[in-house]
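Numbering (my numbering), first residue to last: 2 to 715.
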Ligand code: ADP
Ligand code: MG
């Protein structure tokens with residue numbers, strides 16, 4: 002049994018019972034699991050802070066002073082212990098909510114203690130459940146210290162981060178710690194002067210200096226990103242050679258006549274460029290796997306349609322799949338109209354298509370009578386068969402997982418071309434990584450004449466003002482969206498709901514027709530309500546985020562988002578994209594409760610400062626980490642990045658990519674297929690020893706064994 006694989010129960014200070022707890026609460030089952038549980042942040046314990054220096058943004062800090070008195074307040078479950086702590090500059094109120102008797106007796110007044118905790122301000126500075134230690138004047142403050150997070154359940158049972166810290170110290174000092182094997186080839190460690198794995202592990206837990214901590218982090222980040230790149234590149238290279246695609250050599254009558262006679266507007270430069278990129282893919286004889294990124298309103302639908310025309314010109318059928326029924330309906334309306342203008346037959350297949358109509362569609366797909374099929378999941382979950390499907394388009398891809406993409410075609414040697422469209426804008430360098438298996442095209446230009454949506458951040462007490470704006474826009478004949486985070490009122494959450502919101506709105510704007518859409522309505526009802534708004538019969542739509550994706554009502558000019566603090570930036574951006582689709586002035590009002598934190602306010606202000614989806618998503622990712630983003634989370638790669646951040650570690654990422662490329666250039670045997678390994682790739686060659694190659698194989702298997710076999714998927 003290797004050191005890292007040793008059962009955690011054998012670690013000094015653990016035993017059966019605690020091992021069970023660590024396993025269920027923290028997924029720590031082996032020595033390795035524990036050793037790779039890193040501090041989530043580091044705090045500066047190199048000095049004591051004075052209370053007068055405190056600020057709300059500070060992480061946990063150390064403060065040196067004396068308790069001046071204790072008092073127990075409240076009754077029963079609400080009982081708490083309060084102490085006043087003085088450091089010579091000011092007073093700090095310390096509160097304990099549990100183990101009150103214990104803490105009351107544990108500390109004395111008038112004796113110096115060191116408190117360690119996060120200061121918060123509420124009628125004075127406060128700290129709850131700080132770590133308290135005796136002050137030893139002979140021991141100077143320590144340097145950096147890792148802070149571990151402990152699940153509430155363990156905390157309640159009296160386990161502190163310090164418990165974890167001590168266990169890990171036991172591991173690092175264990176005689177067998179030095180048996181841990183290096184996980185990177187020595188050639189790479191040397192070339193880049195990386196810290197060794199063992200030293201990095203020690204310093205991540207017990208940094209010897211800020212510098213060493215930095216180097217330790219760099220090493221671990223590099224390792225993660227290097228293997229991620231290896232994984233992605235292997236499949237990308239394999240796919241490039243292996244998967245045959247249909248050849249669409251010609252641009253024909255459908256495309257040309259639509260372009261010359263029926264297209265309702267001039268294409269933007271970006272739309273034209275993307276169409277050329279797609280066209281080039283379709284002439285290679287390889288399967289196209291392209292991601293089309295374009296901000297909301299950038300005109301992806303037209304690109305999708307014209308791509309389908311290319312398929313039709315070469316005698317193939319196409320399908321386009323949308324994440325919601327509402328969106329599928331809308332696509333159907335647009336695409337069937339455009340399609341009919343050139344004599345193509347377009348059909349719609351969704352979950353609510355009746356059995357009889359469904360049967361007809363199935364037949365017509367098999368006979369080839371239908372040229373274009375628009376639909377939802379029904380399109381893949383159903384037993385739909387085409388006569389010759391040549392192209393499949395997935396709109397708003399972040400709602401579809403990999404497994405679904407894999408289902409897009411069954412059987413057949415030649416896979417249809419795939420175009421994935423998303424409005425979740427991801428910076429290009431990142432997209433390469435996240436969607437490493439896809440080629441990326443970007444529509445980075447909006448159709449002319451769009452005015453940016455004016456965006457305001459408003460507290461609940463500005464409702465009068467907001468209502469006045471709504472009234473004015475209604476008088477101009479415009480339509481209004483109002484979005485709520487909840488469907489029903491929930492007494493436990495201080496959030497507004499669609500249901501009570503609709504009541505309120507009807508009261509405020511008598512005589513104005515209000516419709517309501519949320520996910521809990523029956524499909525038919527949802528469609529009916531939506532139709533009311535799309536047709537203009539209803540002037541105000543109150544809804545949850547079901548309207549987020551793609552809905553197009555150009556006459557709408559106001560988007561009010563209630564409890565905006567509850568939404569992610571990318572989601573807010575999507576919602577905002579529902580207005581500003583006509584050429585008029587339009588507005589987005591982000592309503593929040595009064596007492597949002599400084600961070601939240603900063604986050605939301607980004608929305609008022611820019612309408613650039615790329616900037617917004619970048620900011621979003623910097624704050625939340627890319628793993629949180631819908632787009633990246635479901636992009637299909639099982640990222641399990643513990644230390645690296647795809648956004649902020651861009652530089653390490655590009656080094657990792659470069660090294661991975663040169664390793665693969667020198668060692669095509671790392672690819673799964675054999676033969677035909679002569680294709681040239683840029684980036685030079687990095688020759689590795691056979692033991693280093695073994696390390697790479699082991700790591701790739703360990704890290705990615707569970708992920709999909711991408712060559713089978715896209
Ligand atoms: P998205 O990229 O968000 O899916 P859509 O395809 O729904 O955007 O397009 C948004 C709106 O812009 C639609 O009403 C569409 O007809 C219009 N549009 C698209 N391309 C152009 C263009 N080149 N010029 C003018 N309007 C355009
Ligand atoms: Mg769209």
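Ideal Cβ placement from N, Cα and C applies to all residues, glycine included.
In the DSSP annotation of this structure, the continuous segment of the beta strand (DSSP E) that includes residue 418 starts and ends at 418-423. Residue 501 carries a helical assignment under DSSP once its states are collapsed to helix, strand and coil.
Per the DSSP secondary-structure output, residue 87 pairs in a beta bridge with 67, 92. Per DSSP, residue 592 lies in no alpha helix (DSSP H) segment; the continuous beta strand (DSSP E) that holds it begins and ends at 588-593. Counted as a single uninterrupted DSSP element, the stretch harbouring residue 609 is not any beta strand (DSSP E) but the alpha helix (DSSP H) occupying residues 599-610.
By the neighbour-count definition (other C-beta atoms within 10 Å, threshold 16), residue 581 is a buried residue. Under the 10 Å beta carbon count, residue 351 is surrounded by 16 or more other beta carbons and is classified as buried. A distance below 9 Å separates the beta carbons of residue 9 and residue 32. The segment 141-150 makes contact with the segment 40-50: 3 or more CB pairs, one atom from each, lie closer than 8 Å.
Runs of the alpha helix (DSSP H) lying entirely within the segment 260-290 and spanning at least 4 residues, in chain order: 270-282.
Judged by DSSP in its simplified three-state form, residue 5 adopts coil rather than helix or strand. Distance from the CA of residue 388 to the CA of residue 363, rounded to the nearest whole angstrom, comes to 10 Å. DSSP assignment within the segment 333-386 yields the following whole alpha helix (DSSP H) runs of 4 residues or more, N-terminal first: 356-368, 379-382. One Cα belongs to residue 552, the other to residue 298, and the distance between them is close to 10 Å. DSSP, reduced to helix, strand and coil, places residue 174 outside both helices and strands of the structure shown, so it counts as coil. Considering only 159, 293, 231, 543, the residue with the shortest C-alpha distance to residue 663 is 231. When 134, 379, 12 are compared, the shortest CA-CA separation from residue 175 is found for 12. Within the same chain, Cβ atoms closer than 8 Å to the Cβ of residue 448 are found at 266, 269, 298, 299, 300, the five residues on either side in sequence being excluded. No heavy atom of the ligand ADP is found nearer than 8 Å to the CB of residue 334. Judged by their CB atoms, residue 597 and residue 222 are not nearer to each other than the 9 Å cut-off. A contact is defined here as three or more CB-CB pairs under 8 Å, and the segment 65-77 fails this definition with respect to the segment 202-222.
Here residue 218 is buried. Its C-beta has 16 or more other C-beta atoms within 10 Å.
Collapsing the DSSP output to three states places residue 196 in coil. Counting along the chain, the unbroken alpha helix (DSSP H) around residue 255 starts and ends at 254-258.
Listed in chain order, the alpha helix (DSSP H) runs fully inside the segment 440-516 are 464-476, 499-509, counting runs of at least 4 residues.
Classified as exposed, residue 609 has fewer than 16 neighbouring CB atoms from the shown chains inside 10 Å of its CB. Secondary structure note for residue 132: its beta strand (DSSP E) is the uninterrupted segment 132-135. Put simply, of 526, 555, 646 the residue whose alpha carbon is nearest the alpha carbon of residue 452 is 555. Here residue 333 is buried: its Cβ has 16 or more other Cβ atoms, across all protein chains shown, within 10 Å. In this structure the segment 151-163 does not touch the segment 79-91; the number of beta carbon pairs closer than 8 Å is below three. Of the candidates 326, 309, 328, 309 places its Cα closest to the Cα of residue 320. Across the set 92, 111, 105, the C-alpha of 92 shows the shortest separation from the C-alpha of residue 124. For residue 320, the beta-bridge partners assigned by DSSP are 374, 393. Taking a cut-off of 8 Å for Cβ pairs, the segment 339-355 and the segment 566-581 do not touch, as fewer than three such pairs fall below it. Restricting attention to alpha helix (DSSP H) runs no shorter than 4 residues, the segment 554-583 encloses them at 570-577, ordered along the chain.
Taking all protein chains shown into account, residue 527 has 16 or more neighbouring C-beta atoms within 10 Å of its C-beta and is therefore buried.
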